[in-house]
Amino acid sequence: MSELPVCPVMSAGKDIPQLCEQENCAWYLKNYKTCSVYVLAHNAALDIKKKQGGQ
Ligand code: SF4
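When you line the sequence shown up against the working numbering, it's residues 345 to 399, in that order.
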């Protein structure tokens, strides 16, 4: 299916992007088939948008 996403956590400070380890990673949400780091980042982005849009 689709490519594995690059992991921002594993890639930090590395020259080569590291791919998501999925079920080997503690942050991977098996039930949602997604990464909790992405969810957090997404929510944070929405939150910032909300605050900026509220003016
Ligand atoms: S689940 Fe998230 S933190 Fe874990 S390897 Fe994948 S992208 Fe990185």
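No residue lacks a Cβ here, since even glycine has one placed at the ideal position from N, Cα and C.
Going by C-alpha positions, Gln-362 is about 20 Å away from His-386. Between Cys-364 and Cys-379, the alpha-carbon positions lie close to 8 Å from each other.
Taking 6 Å as the cut-off, the C-beta of Tyr-376 does not count as close to any heavy atom of the ligand SF4. Rounded to whole angstroms, the separation of the alpha carbons of Tyr-372 and Asp-359 is 23 Å.
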